[in-house]
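Given below as structure tokens:
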């Protein structure tokens, strides 16, 4: 799935892409997929991280990255961003004529 997403959505058709790593993690009963890849254009290479989750029949994704020159300097911060990606599903409930939010994780 990550390879298809990278090739068809996250990188230009002319870029050469390489999936470096893909993981599946379960957090609070929800499955998250994280991946690392590079996309090579004629003048530069982009190093990127992504996260995917599915909730309520919707597909959620987060992607961040940097050019290869800056990657080593900021990769830890970008991993922190991707690791913080969480989906919270809210259920709206009417009580005494007012709408209340109830969170489910």
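Numbering (UniProt numbering), first residue to last: 1 to 105.
Think of the CB as a built atom: it goes at the ideal place given N, C-alpha and C, for glycine as much as any other residue.
All figures in this text were calculated on a predicted structure; none of them were measured in a lab.
For residue i, the first and last residue of its enclosing beta strand (DSSP E)
i	result
residue 61	58-67
residue 52	45-55
Through-space distance from residue j to residue i, alpha-carbon basis
i	j	result
residue 85	residue 42	31 Å
residue 57	residue 46	31 Å
residue 17	residue 9	12 Å
residue 44	residue 33	27 Å
residue 19	residue 35	7 Å
residue 89	residue 23	23 Å
residue 68	residue 77	15 Å
residue 104	residue 21	Annotation note: pLDDT 45 at residue 104 (below 50); position unreliable, coordinate value reported separately. Their Cα atoms are separated by approximately 30 Å.
residue 40	residue 14	9 Å
residue 119	residue 52	Because residue 119 is not part of the residues shown, which for the chain are 1 to 105, the question remains open.
residue 11	residue 59	18 Å
residue 72	residue 93	47 Å
residue 81	residue 65	10 Å
Residue(s) in a DSSP beta bridge with residue i
i	result
residue 8	Residue 8 pairs with nothing; no bridge assigned.
residue 23	34
residue 17	39
Assumed close pair residue i, residue j - CB separation to whole angstroms, cut-off 8 Å
i	j	result
residue 6	residue 55	Going by Cβ atoms, the distance from residue 6 to residue 55 rounds to 22 Å, so no, they are not a contact pair.
residue 63	residue 48	6 Å
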